[in-house]
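Visitor: Okay, handing you the structure first.
Here is the structure:
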């Protein structure tokens, strides 16, 4: 920790959110709702689009919350931090495009700090981004992963492979034996080698989100589609709900600890279908998603 | 335990499932799919209706599974059972009618047994039923609760009040500060005063399900509805998903322990909507649901 600076992280996150929302508004043509909130334990700005031209539902949320005592779930691996005050800030986004050929995406950059009087603050960064297509395109997966890799190249040769694998492991539905999508990068507990470097990695990941996702969205948003593609999209969105409500630690932690429910559940798709024991027919584009894209592989 | 008889419970459950499915088929006019399954650790019969005339999606599932070692989550309150073999059997159902004026319902009867060589088996029953309307009708809530009460009257004066309260407490979404619906009855850990009585209570609850729910379904299934009611129904179904995936112990336990996913997720609605921070306008029938029906009260 050479120059720990919580205010600088907050400033970065607020600007990143604004940058992302502004760019998405250009693509969509519809403005996001900006919903500022304050509670005794924190504040935030939830930016939401619903029934947009391109985005059927999406949220880009900044939040900054504090607590008097580290939650047990956060200190399981760090017993030395039990009882400390804590602070968490981050930008989290999920975008559900209307067009079934355009993938859903999720990105997140966050910092956690544990403080105690008379002791240096303990901080760690986390985050990443990942892509969840309904119909797979190799070039989209390659572009997304290449951009993720580019964001990490300045920080060492092994970082991308490590964070790519972490993403594959994290975004996995054991009860379906399926990855959530084609992956991306995921990291947590990042405080090495020092604050400046860790913060720089977080910034680079955040800064690369738009160039990872927007070209894909722009390329796919006007592809003609029909009832079949829509149906498959709504069915697959069910997996997204299952992952976020059953598996995702952030969502579960937020809901169980009196987080702001409406902001946490910005990740929910606008419209979702479930049906019993459905499997795509062999040789269809829907089967190709399972066979070719929902299987961890090296895209770059 | 005067006459513990696992086979008798299984026989009852299998017959109950058949009775319920047959009656629902009469109401709907469409046949259920009967999907028999076997795995090394158990067997079951999942009966499913999708795109029925009355039921948009519904499942009535029988399952009977065994394990070599009591799961930790099941022995937290019963450390003396740790390490025992176990067996669980039950019928579980969720019905999502198409008509927004017809309520969703859930019912479940189950028995858990922990066995050890040379020791008497330890058994307990659990179950209940509850009602989740989209548009509330006092007479429906009263009828449902009265039938629940009737099922328990033969077994003592205080049982209904206890199980009614248990239901209100269990089917609650803390992150929404909302009950799931108008409640019903819920019980668990039932082994007193003896096997015969506990089994008789379970049978009475199971036997009363059709008379609790079908009259309501028949009364509401043809009520005219429009886009507004449909929209509200799909939005409220989101709460059902949130409860089952975030809160419901049975669902989470099943998904985390390699249960049969497609049978467990029969509870998911066919079509669901999420939208940001939505609240009904004052004085509307939608607001009445929240004010009058999503608040625990004594209906009978």
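Protein chains in written order, with this note's numbering: chain A, 1 to 300; chain B, 1001 to 1300. All residues carry an ideal CB built from backbone N, CA and C; glycine is no exception.
(1) Out of 1107(B), 1088(B) and 1068(B), which one is the CA nearest neighbour of residue 1117(B)?
(2) Going along the segment 1052–1072 of chain B in order, which residues come within less than 8 Å of chain A, judged by CB to CB distance?
(3) Which chain A residues are close to residue 1178(B), counting only those with a beta carbon under 9 Å from its beta carbon?
(4) Could you say if the segment 53–68 of chain A and the segment 90–99 of chain A meet the contact criterion of at least three C-beta pairs nearer than 8 Å?
(5) Report the residue from 137(A), 129(A) and 136(A) whose alpha carbon sits nearest the alpha carbon of residue 164(A).
(6) How would you write the range of the beta strand (DSSP E) that residue 1088(B) sits in, first residue to last?
(7) Please confirm whether residue 1198(B) and residue 1299(B) have their CB atoms less than 9 Å apart.
(8) Can you list, in chain order, the residues of its chain with a C-beta nearer than 8 Å to that of residue 1(A)? Leave out the 5 residues immediately preceding and following it.
(9) What number of angstroms, rounded off, separates the C-alpha of residue 181(A) from the C-alpha of residue 281(A)?
(10) What number of angstroms, rounded off, separates the C-alpha of residue 297(A) from the C-alpha of residue 1108(B)?
(11) Between residue 1111(B) and chain A, is any beta-carbon pair separated by less than 9 Å?
(12) Name, going along the chain, the residues of the segment 1154–1167 of chain B whose beta-carbon falls closer than 7 Å to a beta-carbon of chain A.
(13) From residue 141(A) to residue 131(A), what distance separates their C-alpha atoms?
(14) Only counting the same chain, and skipping five residues up and downstream in sequence, which positions put a Cβ closer than 7 Å to that of residue 64(A)?
(15) Closest Cβ-Cβ distance between residue 280(A) and chain B: below 9 Å?
(16) Got a sec: is the Cβ-Cβ distance from residue 1001(B) to anything in chain A below 9 Å?
(17) So, with DSSP's three-state summary, where would you put residue 1121(B)?
(18) DSSP three-state label for residue 1064(B), please.
(19) Please list the partners that residue 1273(B) has in chain A, where partner means a Cβ-to-Cβ separation under 7 Å.
(20) Determine the DSSP secondary structure at residue 1211(B), reduced to helix, strand or coil.
(21) Where do the N-terminal and C-terminal ends of the alpha helix (DSSP H) with residue 50(A) fall, by residue?
(22) Mind pulling the chain A residues with CB within less than 8 Å of residue 1021(B)?
(23) Can you name the start and end residues of the beta strand (DSSP E) that residue 185(A) belongs to?
(24) For the 8 Å Cβ check, are there 3 or more pairs between the segment 1167–1177 of chain B and the segment 1239–1258 of chain B?
(25) Evaluate residue 218(A) with the Cβ neighbour count: other Cβ atoms within 10 Å of its Cβ, from every protein chain shown; 16 or more gives buried, anything less gives exposed.
(26) Checking the sheet assignment: what are the DSSP bridge partners for residue 1112(B)?
(27) Verify the contact flag: residue 1221(B), CB atom, against every heavy atom of the ligand COA, threshold strictly below 8 Å.
(28) Note down, in chain order, every chain A residue with its Cβ under 9 Å from the Cβ of residue 1245(B).
(29) Since residue 252(A) and residue 1246(B) are thought to touch, with beta carbons under 8 Å apart, how far apart are those beta carbons, to the nearest angstrom?
(30) With DSSP as the reference, label residue 1001(B) as helix, strand or coil.
(31) DSSP three-state call for residue 179(A): helix, strand or coil?
(32) In terms of residue numbering, what span does the alpha helix (DSSP H) encompassing residue 1166(B) cover?
(33) Below 8 Å on the Cβ atoms is my contact criterion, and I expect residue 301(A) with residue 220(A) to pass it. Report the Cβ-Cβ distance as a whole number of Å.
Guide: Looking at the atomic coordinates:
(1) In the second chain, the residue the question calls residue 1117(B) occupies position 117. Of the listed residues, the one whose Cα sits closest to residue 1117(B) is 1068(B).
(2) 1057 and 1059
(3) Here residue 1178(B) is taken as the residue at index 178 of the second chain, counted from 1. Residues of chain A passing the Cβ test: none, with the nearest at roughly 10 Å.
(4) Three or more pairs of CB atoms, one per stretch, sit closer than 8 Å, so the segment 53–68 of chain A contacts the segment 90–99 of chain A.
(5) Translated into the one-based positions of the first chain, residue 164(A) becomes position 164. When the alpha-carbon of residue 164(A) is set against those of 137(A), 129(A) and 136(A), the nearest one is in 129(A).
(6) Here residue 1088(B) refers to the residue found at position 88 when the second chain is read from its first residue. Taken as a continuous stretch (DSSP letters only), the beta strand (DSSP E) holding residue 1088(B) covers 1085–1097.
(7) As a first step, residue 1198(B) must be located in the second chain, where it is residue number 198. As a first step, residue 1299(B) must be located in the second chain, where it is residue number 299. Contact: no.
(8) By one-based count along the first chain, residue 1(A) stands at place 1. Per-residue confidence for residue 1(A) stands at a pLDDT of 45, beneath the threshold of 50, marking its modelled position as unreliable; the derived number appears in the next sentence. Shown here for residue 1(A): same chain residues with a beta carbon closer than 8 Å to its own, the five before and five after excluded, namely 120, 121, 123, 191, 194 and 195 in chain order.
(9) By 1-based counting over the first chain, the position of residue 181(A) is 181. By 1-based counting over the first chain, the position of residue 281(A) is 281. Cα-Cα distance, rounded: 20 Å.
(10) Numbered from 1 along the first chain, position 297 holds the residue referred to as residue 297(A). Numbered from 1 along the second chain, position 108 holds the residue referred to as residue 1108(B). If you take the alpha carbons of residue 297(A) and residue 1108(B), they lie about 42 Å apart.
(11) Residue mapping note: residue 1111(B) aligns to position 111 of the second chain, counting from 1. No - not a single Cβ of chain A is within 9 Å of the one on residue 1111(B).
(12) none
(13) In the first chain, residue 141(A) corresponds to position 141, counting from 1. In the first chain, residue 131(A) corresponds to position 131, counting from 1. Each residue's Cα considered, the two are about 8 Å apart.
(14) Taking the first residue of the first chain as 1, we reach residue 64(A) at position 64. Counting only Cβ-Cβ distances below 7 Å, and skipping sequence neighbours, we find 10, 42, 43, 44 and 89.
(15) The count along the first chain starts at 1 and reaches residue 280(A) at position 280. Chain B, which has no Cβ nearer than 9 Å to the Cβ of residue 280(A), makes this no.
(16) What you label residue 1001(B) is simply residue 1 of the second chain in a count that begins at 1. Here residue 1001(B) scores only 45 on pLDDT, less than 50, and its place in the model should not be relied on; the value that follows carries that caveat. No - not a single Cβ of chain A is within 9 Å of the one on residue 1001(B).
(17) Numbered from 1 along the second chain, position 121 holds the residue referred to as residue 1121(B). In the structure shown, residue 1121(B) sits in a strand (DSSP, three-state: E or B).
(18) Counted from its first residue, the second chain places residue 1064(B) at position 64. Three-state DSSP puts residue 1064(B) in a strand.
(19) The residue labelled residue 1273(B) in the question sits at position 273 within the second chain. Going along chain A in sequence order, the residues near residue 1273(B) (Cβ under 7 Å) are 270 and 271.
(20) The count along the second chain starts at 1 and reaches residue 1211(B) at position 211. Residue 1211(B) falls in the helix class under three-state DSSP.
(21) Residue mapping note: residue 50(A) aligns to position 50 of the first chain, counting from 1. Where residue 50(A) is concerned, there is no enclosing alpha helix (DSSP H), although the beta strand (DSSP E) it sits in stretches over 42–50.
(22) Locating residue 1021(B) in the second chain gives position 21, where the first residue counts as 1. Under the 8 Å cutoff, chain A gives no residues; its nearest Cβ is about 14 Å from residue 1021(B).
(23) Residue numbering aside, residue 185(A) sits at position 185 when the first chain is read from its first letter. Where residue 185(A) is concerned, the enclosing beta strand (DSSP E) stretches over 183–190.
(24) yes
(25) Translated into the one-based positions of the first chain, residue 218(A) becomes position 218. With fewer than 16 Cβ atoms within 10 Å of its Cβ, residue 218(A) is classed as exposed.
(26) As a first step, residue 1112(B) is located in the second chain; it is residue number 112 there, counting from the start. The partner list for residue 1112(B) (beta bridge, DSSP) reads 1088(B) and 1124(B).
(27) This structure lacks the ligand COA; in fact it carries no ligand of any kind.
(28) Position 245 of the second chain, counting from 1, holds the residue named residue 1245(B). Those are 241, 242, 244, 245 and 246, listed as they occur along chain A.
(29) Looking up residue 252(A) in the first chain gives position 252. Looking up residue 1246(B) in the second chain gives position 246. Yes, residue 252(A) and residue 1246(B) are in contact; Cβ-Cβ is about 7 Å, under 8 Å.
(30) The residue you call residue 1001(B) lines up with position 1 of the second chain. Residue placement at residue 1001(B) is flagged as unreliable, the pLDDT there being 45, under the threshold of 50; a coordinate-derived value is accordingly withheld.
(31) To locate residue 179(A), count along the first chain from 1; it is residue 179. Strand.
(32) Numbered from its first residue, the second chain carries residue 1166(B) at position 166. Going by DSSP, residue 1166(B) is part of the alpha helix (DSSP H) stretching over 1159–1170.
(33) For chain A, the structure presents residues 1 to 300; residue 301(A) sits outside this window and is missing.
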